[in-house]
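According to my numbering, the residues represented by the sequence shown are 19 to 158, in order. In this text, a Cβ means the ideal position worked out from N, Cα and C, and glycines have one as well. Right, one structure below, let's go through it.
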Amino acid sequence: MDTSNMSLMEIFSNPDTMHSLSFGDKMLASTITMIMGLGITFTVLILIWIFIAIMGRILGATQKKPAAAPAAAAPAPVETKAPVAEASDDSLVAVIAAAIAAYQGANANNLVVKKITRLSGDNTPWGASGLEDRLDTRRR
């Protein structure tokens, strides 16, 4: 095959003629191939990123925003004389139940708190679970 009229990349793309190239020509052709591959990859990634950004704006604009409820008279703030840390267990349960009901958007009357007990000590179930997770990751 006559390689005199062929470009470097044409010679490099054919396995039969590639062996006739010098080491420097092979490195140059490899570098060109690598740069072209990286360029195509990053171009496609940028196009995907732009497409996702456009779709996010389109979907964000078409989503209906919930109508704001008419502003009801805000309840007057209740002044507490005792710090929060010294609150009784009943008020703490009430605050937790109200927070859960507000998070779920449910009526607080439907929420039933069976039992809340405070655990003390260094080895609570939550701490034991975390310790077990850390030990499991070190065993792998």
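- Distance between A117 and W144, taken at the CA atoms: about 21 angstroms.
- Under the three-pair Cβ rule at 8 angstroms, the segment 45-56 counts as touching the segment 26-36.
- Rounded to whole angstroms, L46 and L39 show a C-alpha spacing of 10 angstroms.
- Inter-residue distance for S147 and N141 is about 9 angstroms (C-alpha atoms, whole angstroms).
- Rounded to whole angstroms, the Cβ separation of D43 and L63 is 31 angstroms, and the two are not in contact under 8 angstroms.
- In the structure shown, the three-state DSSP call for D140 is coil.
- Counting only the Cα atoms, R152 lies some 30 angstroms from K133.
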